[in-house]
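Residue numbers (the numbering used here): 261 to 917.
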């Protein structure tokens, strides 16, 4: 089809009508707002700005909606985290809930989401606090566990007046030095309590005598004794037991709160719907900041599809009555600011994502989607060629499309592979490949394993046709824009050089018609001379023009590379077929035994599924590369800005699908 024709609008409504007009436009959906600039690049007020006009800003409302979204998101995450309901096939088939814009708004207004989300978040806070408390108590338990062999209360030890008591650790490697030193002290008692990793835990009781204190201090220094402060008023083992009781009680509370969270499982889909409603409401607030306002009015600018003008005006009239000003202006062809919306037929429309992945066309270009779609289908099938693989892909996508509730974007993605499956089957029949095997007596056009030269030549011929069509599109665009001579210089001369050269080589090597050989040679020469004379026409000076022309002619080597690049059509088709045959061969080698009865189904099913995945992945990547590099490189520049509908991308629901 084509790029959708766009019109720019200017709408003025009363300030009190802003909210309901924007909500109505969001329901309309196909609006791309323009940010109204009141200041230039230097931050100065633009000379065209009318006095009294300001930007619309409502930070308070935006902050409020962000808080609500956070509240909803936290509640949703909490339910999903502890929802133990198993995902059933029925749930997968059902997919996301379907909503219209009106039913979504009604859900947000009637469902008591504030109460539910508030309760959930309150439970969530308690749950987090208890988890944190349990974690702290486990940490404390581990700390006390190091002193479990201490059978006295540390606080009681500190109360002793005639002795000094120390709890501490030394490095394991200094244990010998410590024991050797402390054993010489007559008025000091020590007890080894525990060894953990590279540390030894000790209880030391020593006389308060000054001489003994000095000797003990020297032992501590020599053995790197580190004094620990065990601040508990109980025997460590008793303290541990008490901690265990407290942890057990906290775990009960945790389980109780978890059970409470599970009771809200049925609220999940409703909360998700309200979340999506709030996301769209936030978008209205964010887009409002693109508007300009006076004390009593609001100015809205944007783009809509030209075909939607009457519907757009009807929406505005329904909300604003007769109190509005609305003006339309059709987009200029060369306006780089026009957002791009593509509109194609039933098949080509599912390939629009590929165009978007590369670059949207500019408004004065043509939509390449319908121009590459037939080739994409053809080349993908040639690389994945197998009847069995194609049938699996066809049946799988048919099942999903018929049974599963999909979003519009996901439906397009599934349809993409649905259409490709027919090409895979078609080429599989031509190659005679059925899950990598041959069926005796079954017709096929070519045997890839034996006629690979024919397949290689055919692949390159497809490449030549593909690239020449790309050049033809370039010629059309140049002629359309009134640049007929440029079409001669940049396309016709290349046609002559390439077609003449290829014809000359083929007829010369095969000793075919001398007349055709001679004519093709002169066509090639004329084309090359034309490229040299015109390839540098934009340069200044004769020398520069000639140099530019010679450099342009050197570009013929890149065409050779482009043609050879299409050999991947053969290579991927062969590799997938050979791997499939190898899988069948391995399965055949263990047939006829009890081992084979067990492993043959596993080998065949697992092997072919894996090979199918690799074949289709390779076909997707390499076909896309042929489109983006070899094909688009001949005529397509892109650089357009995609049209953004006045809606958010939904995670949890299907809106207006």
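Every residue gets a Cβ at the ideal spot worked out from N, C-alpha and C, and that includes glycine.
| Query | Result |
| --- | --- |
| Decide if residue 645 is buried, meaning its Cβ has at least 16 other Cβ atoms within 10 Å, or exposed. | buried |
| Taking residue 765 and residue 791 to be in contact with their CB atoms under 8 Å, please state how far apart those CB atoms are, rounded to whole angstroms. | With 8 Å as the limit, residue 765 and residue 791 do not qualify as a contact, their Cβ atoms being about 18 Å apart. |
| Consult DSSP for residue 771 and reduce its assignment to one of helix, strand or coil. | coil |
| Any chance the stretch 263-270 sits against the stretch 587-596, with 3 or more Cβ pairs inside 8 Å? | yes |
| Identify which residue in 871, 754 and 422 has its Cα closest to the Cα of residue 838. | 871 |
| When we look at the beta-carbon of residue 657 and count the other beta-carbons within 10 Å, is it buried (16 or more) or exposed? | buried |
| Looking at the structure shown, is residue 307 part of a helix, part of a strand, or coil, going by DSSP? | Per-residue confidence for residue 307 stands at a pLDDT of 49, beneath the threshold of 50, marking its modelled position as unreliable; the derived number appears in the next sentence. Residue 307: coil per DSSP, three-state reduction. |
| Please classify residue 702: is it buried, with 16 or more other beta-carbons within 10 angstroms of its beta-carbon, or exposed? | exposed |
| Locate the alpha helix (DSSP H) running through residue 630, then write down its first and last residues. | 629-644 |
| Measuring alpha carbon to alpha carbon, tell me which of 563, 738 and 357 ends up nearest residue 295. | 563 |
| Enumerate in chain order the residues of its own chain whose CB-to-CB distance from residue 672 is below 6 Å, with the five nearest sequence positions on each side excluded. | 610 |
| Measure how close the beta-carbons of residue 903 and residue 600 come, nearest whole angstrom, since I'm counting them as under 8 Å. | 6 Å |
| Here's the rule: buried if 16 or more other CB atoms are within 10 angstroms of the residue's CB, otherwise exposed. What is residue 427? | buried |
| Per DSSP, residue 486 is paired with what? | 429 |
| Does the beta-carbon distance from residue 247 to residue 834 come in below 9 Å? | Because the chain spans 261 through 917 in this model, residue 247 falls outside it and cannot be assessed. |
| Which whole-angstrom value is the C-beta distance of residue 884 and residue 614, which I expect to be below 8 Å? | 6 Å |
| Is the beta carbon of residue 816 less than 9 Å from the beta carbon of residue 761? | yes |
| Taking only three categories from DSSP, how would you classify residue 754? | helix |
| Taking all protein chains shown into account, decide if residue 621 is buried (16 or more other Cβ within 10 angstroms of its Cβ) or exposed. | buried |
| Please give me, in chain order, every unbroken run of the beta strand (DSSP E) with length at least 3 that falls completely inside the stretch 472-516. | none |
| For residue 854, report the span of its alpha helix (DSSP H) as first-last. | 854-885 |
| Can you list, in chain order, the residues of its chain whose CB lies under 7 Å from that of residue 584, leaving out five sequence neighbours each side? | 271, 272, 273 and 576 |
| Pull the bridge partners of residue 451 from the DSSP assignment, please. | 463 |
| Would you mind stating whether residue 739 and residue 895 have Cβ atoms separated by less than 9 Å? | no |
| Let's test the definition: count the other Cβ atoms within 10 Å of the Cβ of residue 203 and tell me whether it reaches 16, buried, or not, exposed. | Here the chain covers residues 261 to 917 and nothing more, so residue 203 does not appear. |
| For residue 432 and residue 460, which I take to be in contact (beta-carbon distance under 8 Å), what is that distance rounded to the nearest angstrom? | 6 Å |
| Pairs of beta-carbons, one from the stretch 400-419 and one from the stretch 494-504, closer than 8 Å: are there three or more? | yes |
| Are residue 876 and residue 551 close, meaning C-beta to C-beta below 9 Å? | no |
| What is the rounded straight-line gap between the Cα of residue 526 and the Cα of residue 704? | 56 Å |
| Cα separation between residue 381 and residue 331? | 7 Å |
| Go ahead and label residue 920 buried or exposed: buried means 16 or more other beta carbons lie within 10 angstroms of its beta carbon, across all protein chains shown. | This structure cannot settle anything about residue 920, because the visible part of the chain is limited to 261 through 917. |
| What separation, rounded to the nearest whole angstrom, lies between the Cα atoms of residue 901 and residue 886? | 24 Å |
| Ends of the beta strand (DSSP E) at residue 617? | Note, residue 617: premise wrong, no beta strand (DSSP E); alpha helix (DSSP H) at 612-618. |
| Please name the residue in 737, 874, 478 and 638 whose C-alpha comes closest to that of residue 623. | 737 |
| Can you list, in chain order, the residues of its chain with a C-beta nearer than 8 Å to that of residue 429? Leave out the 5 residues immediately preceding and following it. | 459, 460, 461, 462, 485, 486 and 488 |
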